[in-house]
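Colleague: Counting from 1 along the sequence shown, just add 1309 to a position and that's the residue number in this note's numbering.
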Amino acid sequence: MVERLRVLYLPPPSQWREPWQTDVIDAVSSRHDLSLYDQTALLPAQFEGVDVVLDHGGSMGTRAMANVAGSVKLWQILGTGIDHFDLEYWRKKGIPVANCPGEFSGAPLAECALMFMLMLSRHWHQTQQNLRHGRLYVPVGSELENRRLGLIGFGASARELASRARAFGMRISAVDIRDISPEEQREFGIELAGKPADLDQILAKSDFVSLHLHLNEHTRHILDDRRLRLMKPTACLVNVARGALVDEKALLDALREGRLAGAGLDVFGQEPLEPDHPLLKLPNVVATPHVSGATEGTSRRRAACAARNVDRVASGLDPLHRVDLPVNIGVTT
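1. Quick one: is Ala1506 buried, meaning 16 or more other Cβ sit within 10 Å of its Cβ, or exposed?
2. What whole-angstrom Cβ distance do Ser1344 and Leu1317 have, given they're in contact under 8 angstroms?
3. The alpha helix (DSSP H) with Ile1334 in it runs from where to where?
4. Met1479 and Leu1453 look like a contact to me (Cβ under 8 angstroms); what is the Cβ gap, rounded to whole Å?
5. How is Ile1511 classed by DSSP in three states: helix, strand or coil?
6. Does the distance from the CB of Leu1520 to the CB of Ala1550 come in under 7 angstroms?
7. Comparing C-alpha positions only, which one of Thr1543, Ser1515, Ile1461 sits nearest to His1530?
8. Within a Cβ cutoff of 8 angstroms, which residues of the same chain sit near Pro1628, ignoring the five residues on either side of it in sequence?
9. Should the segment 1424-1443 be regarded as contacting the segment 1571-1589, the criterion being three or more beta carbon pairs within less than 8 angstroms?
10. To the nearest whole angstrom, what separates the beta carbons of Ser1624 and Val1333, a pair I think is in contact under 8 angstroms?
11. Considering only the alpha carbon of each residue, which of Thr1349, Gly1403, Ser1414 lies closest to Arg1609?
12. Where Met1426 and Asp1488 are concerned, what is the direct C-alpha to C-alpha distance, given to the nearest angstrom?
13. Determine the DSSP secondary structure at Ser1601, reduced to helix, strand or coil.
14. Looking only at its own chain, which residues have a Cβ that is under 6 angstroms from the Cβ of Phe1577, when we skip the five neighbours before and after it?
15. Count the other C-beta atoms from every protein chain shown that fall within 10 angstroms of the C-beta of Pro1417, then say buried if there are 16 or more, exposed otherwise.
16. Is Val1622 helix, strand or coil when you go by DSSP?
17. Might you give, ordered along the chain, the residues of its own chain that have their beta carbon closer than 6 angstroms to the beta carbon of Asp1498, omitting 5 neighbours on each side?
18. Does the Cβ-Cβ distance between Arg1457 and Ser1515 come in under 7 angstroms?
19. Where do the N-terminal and C-terminal ends of the beta strand (DSSP E) with Glu1500 fall, by residue?
20. To which residues does DSSP link Trp1384 through a beta bridge?
21. Between which two residues does the alpha helix (DSSP H) carrying Phe1517 extend?
22. For Tyr1318, does the three-state DSSP call read helix, strand or coil?
23. How many angstroms separate the CA atom of Ile1638 from the CA atom of Gly1366?
24. Three-state secondary structure (DSSP) at Asp1562?
25. Quick check on the burial criterion: 16 or more other C-beta atoms within 10 angstroms. Buried or exposed for Ala1373?
26. Have a look at Leu1634 and Leu1508 and give me their C-alpha separation to the nearest angstrom.
27. For Asp1395, which of Asp1364, Met1424, Leu1470, Val1337 has the nearest alpha-carbon?
28. In terms of residues, what are the limits of the alpha helix (DSSP H) holding Asn1439?
29. Could you check what DSSP says for Ser1430 in three-state terms: helix, strand or coil?
30. Output needed for Leu1470: all residues of its chain with C-beta closer than 7 angstroms, excluding positions within five of it in sequence on either side, in chain order.
31. Taking the beta carbon of Pro1410 as the centre, do at least 16 other beta carbons fall within 10 Å, making it buried, or is it exposed?
32. Look at the alpha carbon of Thr1543 and the alpha carbon of Leu1522, and state the distance between them as a whole number of angstroms.
33. Between which two residues does the alpha helix (DSSP H) carrying Ala1474 extend?
34. Considering Cα atoms alone, identify which of Pro1322, Pro1353, Arg1313 is closest to Ser1338.
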């Protein structure tokens, strides 16, 4: 019989709390005693006797919370990236930490990346202006078929994008820190599968470059000025992963100077992005406010992932998707 645990949920800010909170309640509360964190109440009392903490996005937890989480057997992050989470401090406290990896949000990330590629290839900004001014038939766009797509990182979201891009007839290359198996290459139609040493070559050949990496000390500004200059002036960059993977100033310069044709951006170095940020003023940039993975399906899947781990802890099993164990820390999404 599964033990009934005490679970504390750290919800996101009220302006974007749903459907995340309701899905967590539905997934967890029938089998465990779930309570919602109250910012107005004292910390020690709220964490007393708590077995599992559910941390929305890994953004809600603080060191003060970790200091009073002595009974916690699992700190479950409802999200994929952990670059903003103080993982080393949780390690020192001996609190196991798990996330909801890319498989739970890979499909919507891929859809958003594909949307950006379509919008850029069809000159979305210009078509909207022409529509409002009664101009027909221009500008002439391009098709995705036979265009080269370079995937930087080949985790869950990149594989989902590869499947969709293949259906559009795109030619796909991918680079990852691990070997991409021959079976994967056949399944996803990958023409060139490389390791980090091949990154520059893939950048130089691609018509679209899509980033699918976690942010860490090895990947921060992996696309710097030098690497952006390797890309073709007709190429476009797509980023639905983490803003700081790209040197934003170098990207802005490349777009302004015509050294890069366009960019589709869902993430930025500083979020939320200032409304008057120069990137938003460029006609060759399409952007969204970090919503590529924010779908009803992602919310349900992450809640189910968290609930499964709560049940495992209640059954005396190790939680899945641990990120506090060095062997399990990946760099692809």
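C-beta: ideal position from N, C-alpha, C; glycine also.
These numbers come from a predicted model, not from an experiment.
Modeller: Result, derived from the coordinates:
1. exposed
2. 6 angstroms
3. Going by DSSP, Ile1334 is part of the alpha helix (DSSP H) stretching over 1329-1337.
4. 5 angstroms
5. helix
6. yes
7. Ile1461
8. Leu1383, Gln1385, Pro1405, Ala1407, Asn1618, Arg1621, Val1622
9. yes
10. Incorrect: roughly 20 angstroms between the Cβ atoms, too far for contact.
11. The residue with the shortest Cα to Cα distance from Arg1609 is Ser1414.
12. 27 angstroms
13. coil
14. Gly1552
15. buried
16. helix
17. Looking at the sequence shown, residue 1498 is not Asp but Gly. Once the five neighbours on either side are set aside, the close Cβ partners of Gly1498 are Arg1475, Ile1481.
18. yes
19. 1499-1503
20. Val1362, Val1406
21. It is not in any alpha helix (DSSP H) - Phe1517 instead sits in the beta strand (DSSP E) that spans 1517-1520.
22. Under the three-state reduction of DSSP output, Tyr1318 falls in the strand class.
23. The predicted position of Ile1638 is uncertain, since its pLDDT is 43 and thus under 50; no value can be drawn from it.
24. The answer is helix: DSSP assigns Asp1562 an H, G or I state.
25. exposed
26. 28 angstroms
27. Asp1364
28. Its alpha helix (DSSP H) spans residues 1433-1441.
29. helix
30. Once the five neighbours on either side are set aside, the close Cβ partners of Leu1470 are Ala1419, Ala1422, Leu1423, Leu1460, Ser1519.
31. buried
32. 23 angstroms
33. 1465-1476
34. Arg1313
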